[in-house]
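Participant: Using the UniProt record's numbering, the letters of the sequence shown map in sequence onto residues 1 to 124.
Think of the CB as a built atom: it goes at the ideal place given N, C-alpha and C, for glycine as much as any other residue.
This one's a predicted model, so the numbers in the text were calculated from it and none came from an experiment.
For reference, the structure I am asking about is given below.
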Amino acid sequence: MSDLTIDRLLEVERRGWDSLCASEGGTFYGELMTPDAVMILVNGAVLDRPTIAQTLNESPNWSSYTLTDARLVPTSATSAALVYQATAVREGQEEPFVALMTSHYCLVDGNITMTLYQQTTITH
């Protein structure tokens, strides 16, 4: 599980957030997610990979973000969950979006892939 270290998974998460800031999240997550992966958002939406790939580039971008309190939870020899708090700011919003995030990753043919992502809001 040497590729699934906290530092490596935080690097992947930051690349994902950077893609969301650049309105390229659909492209990034469309490539990162396994075919049957889902994202569960704070509004209750459950989005599959094709929906993410088709729509996330059109979502309003984030202007900045911070990731704190990261924790690695190994789930097998080839998988792990990364849990952290994200604070993100979107232009025009009065309050930042603050949520706990869980991303589950596994190694597929030696590549890090996302199998599940869930947001739990702590600001509402």
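(1) Within 10 angstroms of its Cβ, does A80 collect 16 or more other Cβ (buried), or is it exposed?
(2) Using alpha carbons as the reference points, say which of S23, Y84 and N61 lies closest to Y117.
(3) With the cut-off set at 9 angstroms, would you say A99 and I122 are in Cβ contact?
(4) Going by the beta-carbon positions, is the gap between E31 and S63 smaller than 9 angstroms?
(5) So what does DSSP say about P35, is it helix, strand or coil?
(6) Of all the options T34, N61 and N43, which has the alpha carbon lying nearest to the alpha carbon of A22?
(7) Any idea which residues DSSP pairs Y65 with across the strands?
(8) Would you mind sorting S59 into buried or exposed? The rule is 16 or more other CB atoms within 10 Å of its CB.
(9) Could you work out which residue in L82, A77, T78 and Y65 is closest to R71 when comparing CA atoms only?
Facilitator: Once the coordinates are examined:
(1) buried
(2) Y84
(3) yes
(4) In this structure, S63 does not lie closer than 9 angstroms to E31 by Cβ.
(5) strand
(6) N61
(7) A88
(8) Its Cβ having fewer than 16 others within 10 Å, S59 is exposed.
(9) L82
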